[in-house]
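Student: Dropping the structure in here first, questions after.
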Amino acid sequence: MIKYFTIENNFFGENSPKKLLDTYGSPLYVYNEQILRRRCQDMLSLVSYPKFIPSFSTKANSNVKLLQIIKEEGLYADAMSPGEIYVLESAGFRPEEIFFIPNNVSKEEMSYAIDRGILMSADSLSQLETFGQINSGGSVALRLNPGIGIGHHKKVITAGLDTKFGINLEDVEIAKDIISKYNLNLVGLNQHIGSLFLDSTPFIESVKNLLDIARGFKNLQFIDFGGGFGIPYRKQSGENPLDLKQLGTRLTSIITSWARDYGQDILFKIEPGRYIVAESGILLGTVHSIKENGGITYIGTDIGFNTIMRPVLYDAHHDIEVYRDGNLLPSGKNDKKVTIVGNICESGDIISKDIELPNIKLGDIIGIIDAGAYGYSMASNYNNRLRPAEVLIENGGQTSLIRRRDTLDDLLRNFTLT
Ligand code: LLP
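Residue numbers (the numbering used here): 70 to 487.
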């Protein structure tokens with residue numbers, strides 16, 4: 070029995086996918102404010118330890134309106150680049166609410182954060198040395214590689230042996246030397262072991278590892294365990310969500326007793342990106358062609374990999390729904406095996422391969438479920454396609470355009486031709 074995300078969550082409310090595309094055009098990112106707020110609240114209440122704050126990982130979705138909502142809910146944010154800092158500040162985040170966790174940045178980029186009073190974490194000895202040279206006596210955090218990595222694909226595992234991220238544990242003493250050489254004030258430790266876990270055991274192990282190391286540092290103000298909190302992308306086949314209750318209980322008990330032993334009032338942080346925004350977003354597109362080739366039925370849509378990269382880049386699965394005349398087409402005995410493709414000039418431009426869907430006709434609308442994280446934020450103008458518009462279904466049910474579609478003029482904006 071296939072589950073329908075939009076029905077279970079009343080995702081579109083009074084706004085049918087057809088009405089939305091008629092009003093705002095296709096393809097279109099649609100977000101649901103209620104779901105976004107609920108996910109923020111899940112993370113805020115994850116543990117019962119009093120000094121705990123989730124920071125939203127901006128790279129997952131940097132739409133300013135969504136960031137404003139996330140800020141309103143009380144989350145902080147992490148930034149990977151000056152661009153993300155800039156956008157976060159426009160959304161109202163204050164410097165002390167932003168944590169800069171870059172990788173391989175220039176002195177100028179470091180200074181961008183330092184000049185704004187935004188705390189930065191160094192993720193290599195070399196970056197720590199550079200930081201010390203330009204900001205001697207300043208406060209800094211260290212991103213450590215706790216030795217355990219996880220993730221839904223090897224490209225998103227960010228700790229362990231095979232990764233460019235973090236300071237290795239055997240280098241911690243050298244890091245301490247650099248810190249004293251430049252008279253730096255080490256205020257926090259952070260890690261991020263990878264993206265998407267649904268079984269929290271490896272995450273908990275990495276938390277314990279980081280806390281063991283943290284004992285060797287005096288006067289820390291915070292410890293940040295990173296993100297990676299997964300969502301079930303295969304809801305239609307019954308995949309279960311992350312057991313937040315179990316994770317929260319384990320985490321609460323570990324951090325509470327650690328803080329007691331450490332003997333100091335310490336802040337704990339996490340950096341969820343996907344968990345906060347993935348389920349609040351659906352990408353809608355339109356079927357423009359249907360063809361058979363080599364026994365495969367290709368459903369040709371306007372959802373090219375310029376609009377959503379995840380399936381092509383990571384072979385990632387997204388559940389799919391089909392809508393016609395404003396209604397969801399339920400699956401049934403006439404379902405057909407099809408391959409959903411986009412409009413980009415590459416054979417790899419495949420959204421979903423060999424899936425059973427109701428008998429699709431030209432003009433039908435395709436919904437890519439759980440597209441709110443790493444969807445628009447990884448979209449591009451490849452093939453000189455225009456990036457989609459983004460629309461928010463507000464709490465009251467009304468819709469508002471929160472980012473306009475690119476225009477043809479946008480494609481020429483950066484050229485210096487006369
Ligand atoms: N903190 C740091 C330092 C990170 O590098 C990341 C993600 C996060 C937090 C948030 O991770 P999350 O909670 O969203 O799993 N584009 C890929 C995911 C790349 C994640 C990169 N770093 C995807 O679409 O699956």
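Every residue gets a Cβ at the ideal spot worked out from N, C-alpha and C, and that includes glycine.
1. Alpha carbon to alpha carbon, how far is Phe-121 from Asn-254? Give it in angstroms, no decimals.
2. Straight-line CA distance for Leu-115 to Leu-336?
3. Which first and last residues belong to the beta strand (DSSP E) in which Val-407 is found?
4. What residue range is occupied by the uninterrupted alpha helix (DSSP H) comprising Ser-249?
5. Let me check you understand the geometry: is the CB of His-386 closer than 6 angstroms to at least one non-hydrogen atom of the ligand GTP?
6. Does DSSP put Pro-271 in a helix, in a strand, or in coil?
7. Within 10 angstroms of the Cβ of Pro-310, are there 16 or more other Cβ atoms? Answer buried if so, exposed if not.
8. Thinking C-beta only, is Gly-466 closer than 7 angstroms to Asp-418?
9. Measure the Cβ-Cβ separation of Ile-420 and Ile-429 and say whether it is below 7 angstroms.
10. Determine the burial state of Thr-370: buried for a count of at least 16 other Cβ atoms within 10 Å of its Cβ, exposed for fewer.
11. May I have a chain-ordered list of the alpha helix (DSSP H) segments no shorter than 4 residues that lie completely inside the stretch 368-417?
12. Pull the bridge partners of Glu-361 from the DSSP assignment, please.
13. Sorry if obvious, but does the Cβ on Val-156 come closer than 6 angstroms to a heavy atom of the ligand LLP?
14. Which one or two residues does DSSP pair with Lys-128 in a beta bridge?
15. Would Ala-458 pass as a contact of Leu-97 if the rule is Cβ separation under 7 angstroms?
16. What do you get for Pro-399, buried or exposed, if any count of 16 or more other CB atoms within 10 angstroms of its CB means buried?
17. Who are the Cβ neighbours of Gly-143 in its own chain at under 7 angstroms, not counting the five residues just before and after it?
18. Would you mind working out which of Leu-194, Gly-395, Gly-432 and Leu-486 sits nearest Leu-89, comparing C-alpha positions?
19. Give me the Cα-Cα distance between Gln-260 and Tyr-344, rounded to the nearest whole angstrom.
20. Are the Cβ atoms of Ala-146 and Ile-167 separated by less than 7 angstroms?
21. Alpha carbon to alpha carbon, how far is Leu-135 from Leu-289?
22. Relative to the ligand LLP, is the shortest distance from any of its heavy atoms to the C-beta of Ile-170 smaller than 6 angstroms?
23. Sort Asp-478, Arg-472, Arg-163 and Gly-436 by Cα distance to Asn-453 and report the nearest one.
24. Could you give the DSSP three-state label for Lys-338: helix, strand or coil?
25. Go through the stretch 184-267 residue by residue and report every complete run of the beta strand (DSSP E) that reaches 3 residues or more, in order.
26. Could you give the distance in angstroms between the alpha-carbon of Ile-389 and the alpha-carbon of Ala-244?
27. So does His-357 have its beta carbon nearer than 6 angstroms to some heavy atom of the ligand LLP?
28. How about Ser-349: is its Cβ closer than 6 angstroms to a heavy atom in the ligand LLP?
29. Check the DSSP bridge columns for Gly-350 and list the partner residues they point to.
30. Let me check you understand the geometry: is the CB of Pro-310 closer than 6 angstroms to at least one non-hydrogen atom of the ligand LLP?
31. Quick check on Asn-204 - is its C-beta less than 7 angstroms from some C-beta in chain D?
32. With three or more beta-carbon pairs closer than 8 angstroms as the criterion, would you say the stretch 345-362 touches the stretch 431-445?
33. Do you know offhand how far Ile-273's Cα is from Leu-316's?
34. Taking 6 angstroms as the cut-off, does the CB of Arg-303 come closer than this to any heavy atom belonging to the ligand LLP?
35. Where are the alpha helix (DSSP H) runs, 4 residues long or more, that stay fully inside the stretch 413-487, in chain order?
Tutor: Put simply:
1. To locate residue 254, count along the sequence shown from 1; it is residue 185. To locate residue 121, count along the sequence shown from 1; it is residue 52. Cα-Cα distance, rounded: 22 angstroms.
2. Position 46 of the sequence shown, counted from the first residue, corresponds to residue 115. Position 267 of the sequence shown, counted from the first residue, corresponds to residue 336. Straight-line Cα distance between these residues: approximately 14 angstroms.
3. As a first step, residue 407 is located in the sequence shown; it is residue number 338 there, counting from the start. Where Val-407 is concerned, the enclosing beta strand (DSSP E) stretches over 405-410.
4. The sequence position of residue 249 within the sequence shown is 180, counting from 1. Note, Ser-249: alpha helix (DSSP H), 241-250.
5. The model depicted lacks the ligand GTP and carries the ligand LLP instead.
6. Locating residue 271 in the sequence shown gives position 202, counting from the first residue. DSSP places Pro-271 in helix when its eight states are reduced to three.
7. Indexing the sequence shown from 1 puts residue 310 at position 241. With fewer than 16 other Cβ atoms within 10 Å, it is exposed.
8. Residue 418 sits at position 349 when you count from the first residue of the sequence shown. Residue 466 sits at position 397 when you count from the first residue of the sequence shown. Cβ atoms of Asp-418 and Gly-466: not closer than 7 angstroms.
9. Residue 420 sits at position 351 when you count from the first residue of the sequence shown. Residue 429 sits at position 360 when you count from the first residue of the sequence shown. Not in contact: Ile-420 and Ile-429 (Cβ atoms no closer than 7 angstroms).
10. Here residue 370 is taken as the residue at index 301 of the sequence shown, counted from 1. Answer is buried; the Cβ neighbour count reaches 16.
11. 379-383
12. Position 292 of the sequence shown, counted from the first residue, corresponds to residue 361. Per DSSP, Thr-366.
13. Here residue 156 refers to the residue found at position 87 when the sequence shown is read from its first residue. Incorrect: Val-156 has no Cβ contact closer than 6 angstroms to the ligand LLP.
14. Translated into the one-based positions of the sequence shown, residue 128 becomes position 59. Paired residue(s): none; Lys-128 is not in a bridge.
15. In the sequence shown, counting from the first residue as 1, residue 458 sits at position 389. In the sequence shown, counting from the first residue as 1, residue 97 sits at position 28. Yes, Cβ-Cβ distance for Ala-458 and Leu-97 is below 7 angstroms.
16. Locating residue 399 in the sequence shown gives position 330, counting from the first residue. Pro-399 should be labelled exposed.
17. Sequence index remark: in the sequence shown, residue 143 carries index 74 (1-based). Only Leu-113 meet the Cβ criterion.
18. Position 20 of the sequence shown, counted from the first residue, corresponds to residue 89. Nearest option by C-alpha distance: Gly-395.
19. Working through the sequence shown from its first residue, we reach residue 260 at position 191. Working through the sequence shown from its first residue, we reach residue 344 at position 275. Rounded to whole angstroms, Gln-260 to Tyr-344 spans 17 angstroms at the Cα level.
20. Numbered from 1 along the sequence shown, position 77 holds the residue referred to as residue 146. Numbered from 1 along the sequence shown, position 98 holds the residue referred to as residue 167. A contact, by the Cβ cut-off of 7 angstroms.
21. Start at 1 with the first residue of the sequence shown, and residue 135 comes out as number 66. Start at 1 with the first residue of the sequence shown, and residue 289 comes out as number 220. Roughly 32 angstroms between the two C-alpha positions.
22. Within the sequence shown, the letter at position 101 stands for residue 170. Indeed, a heavy atom of the ligand LLP lies less than 6 angstroms from the Cβ.
23. Locating residue 453 in the sequence shown gives position 384, counting from the first residue. For the residues Asp-478, Arg-472, Arg-163 and Gly-436, the minimum Cα distance to Asn-453 belongs to Asp-478.
24. On the sequence shown, residue 338 is found 269 positions in, with the first residue counted as 1. Lys-338: strand per DSSP, three-state reduction.
25. 188-191, 208-214 and 254-259
26. Reading the sequence shown from its first residue, position 320 is the one you call residue 389. Reading the sequence shown from its first residue, position 175 is the one you call residue 244. Whole-angstrom Cα-Cα distance: 48 angstroms.
27. Taking the first residue of the sequence shown as 1, we reach residue 357 at position 288. No - the ligand LLP has no heavy atom lying nearer than 6 angstroms to the Cβ of His-357.
28. In the sequence shown, counting from the first residue as 1, residue 349 sits at position 280. No, Cβ of Ser-349 sits at least 6 angstroms from all heavy atoms of the ligand LLP.
29. By 1-based counting over the sequence shown, the position of residue 350 is 281. In DSSP, Gly-350 forms a bridge with Tyr-100.
30. Counted from its first residue, the sequence shown places residue 310 at position 241. Pro-310 Cβ: outside cutoff for every heavy atom of the ligand LLP.
31. Given the protein chain composition of this structure (a single chain), no chain D is represented.
32. yes
33. Within the sequence shown, the letter at position 204 stands for residue 273. Within the sequence shown, the letter at position 247 stands for residue 316. Ile-273 and Leu-316: Cα-Cα distance of roughly 8 angstroms.
34. Counting from one through the sequence shown, the residue named residue 303 turns up at place 234. Checking the Cβ of Arg-303 against the ligand LLP gives no.
35. 477-481
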